[in-house]
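Trainee:
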Amino acid sequence: MSDLHIEQAYDCRDFLRESASKLNWTELEKDTFMDIECAGGLISTTFLLKLFPDIKKVIAIDTHLESDIYENPKVAYHKADITKSTFLVAWKGKIIKIISFHCFNYLPSFDEAVENVSDLMVPNGVLNQPLKQISQVLQLEKERIIEILEVGGVSLAIWHIPHHSVITIRRF
Numbered sequence: 272m273s274d275l276h277i278e279q280a281y282d283c284r285d286f287l288r289e290s291a292s293k294l295n296w297t298e299l300e301k302d303t304f305m306d307i308e309c310a311g312g313l314i315s316t317t318f319l320l321k322l323f324p325d326i327k328k329v330i331a332i333d334t335h336l337e338s339d340i341y342e343n344p345k346v347a348y349h350k351a352d353i354t355k356s357t358f359l360v361a362w363k364g365k366i367i368k369i370i371s372f373h374c375f376n377y378l379p380s381f382d383e384a385v386e387n388v389s390d391l392m393v394p395n396g397v398l399n400q401p402l403k404q405i406s407q408v409l410q411l412e413k414e415r416i417i418e419i420l421e422v423g424g425v426s427l428a429i430w431h432i433p434h435h436s437v438i439t440i441r442r443f
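Taking this note's numbering as reference, the numbering of the sequence shown is continuous, increasing by one, and the terminal residue is 443.
Structure (structure tokens):
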């Protein structure tokens, strides 16, 4: 593992710990998470399972997965694109927590991704996305998120952890 990957792994671990603390992630045995652009589960999905072994299920999707099948009873890996709703129909209204570690803001169609995420979340569902360049990215994305999700009963919060600012979208 390169130094960059090691740094990303520690950043991801810290992001998940802080998310759990800030958003009160407890009693996760009934929670289904989605990990958007999971990088084959090497970082974020792995840390989710290590930090929160009681998670009911993780739906790990990535546009670059080699295969849809990896062996792990708590994880369903799928080659899928969050900007395309075809695959996502099966999960509509069933996901309580969605994470995307430094990927969500780089998706080809941000608007479609946000709309699909909103459809996937149960009431009180949460999307957590760290942003390194908050000052550059946030202005455009905050306006898009509010425009897309304001009607759907979704709130937007921005909070900070070491090395990151984080956007949290909560559906009511």
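Glycine included, C-beta positions come from ideal geometry on N, C-alpha and C. Predicted model only: the values in this text are computed from it and were never measured.
(1) Leaving out the 5 sequence neighbours to the left and right, which residues in its chain are closer than 6 Å to Ala331 when beta-carbon positions are compared?
(2) What does His373 pair with, by DSSP beta-bridge criteria?
(3) Once you ignore the five residues that flank Leu359 on each side, which residues in its own chain have a CB closer than 8 Å to its CB?
(4) Going by C-alpha to C-alpha distance, which of Cys283, Leu294 and Asp325 sits closest to Lys301?
(5) Name the DSSP beta bridge partners of Ala347, please?
(6) When you compare only the Cα positions, how much space is there between Lys328 and Ile366?
(7) On the three-state DSSP scale, how would you describe Lys321?
(8) Could you please give me the residues that DSSP links to Gly366 through a beta bridge?
(9) May I ask which residues mark the beginning and end of the beta strand (DSSP E) holding Phe304?
(10) Once you ignore the five residues that flank Leu319 on each side, which residues in its own chain have a CB closer than 8 Å to its CB?
(11) Where does Leu359 sit, in a helix, a strand or coil, going by DSSP?
(12) If you reduce the DSSP assignment to three classes, tell me which class Ile277 lands in.
(13) Between Val397 and Thr439, is the Cβ-Cβ spacing less than 8 Å?
(14) With C-beta atoms as the reference, is Leu299 less than 8 Å away from Phe323?
Mentor: Reading from the atomic positions:
(1) So the qualifying residues of the chain are Asp306, Cys309, Gly312, Thr316, Val346 and Tyr348.
(2) Bridge partners of His373: none, in fact.
(3) Ala351, Ile353, Asn387, Asp390 and Leu391
(4) Asp325
(5) DSSP output for Ala347 lists Ile330 as bridge partner(s).
(6) 10 Å
(7) helix
(8) Reading the sequence as shown, one finds Ile at residue 366 and not Gly. Partner(s): Met392.
(9) Thr303 to Ile307
(10) Leu287, Phe304, Asp306, Ile326, Val329 and Ile370
(11) helix
(12) helix
(13) Yes, the pair counts as a contact, with Cβ atoms nearer than the cut-off.
(14) yes
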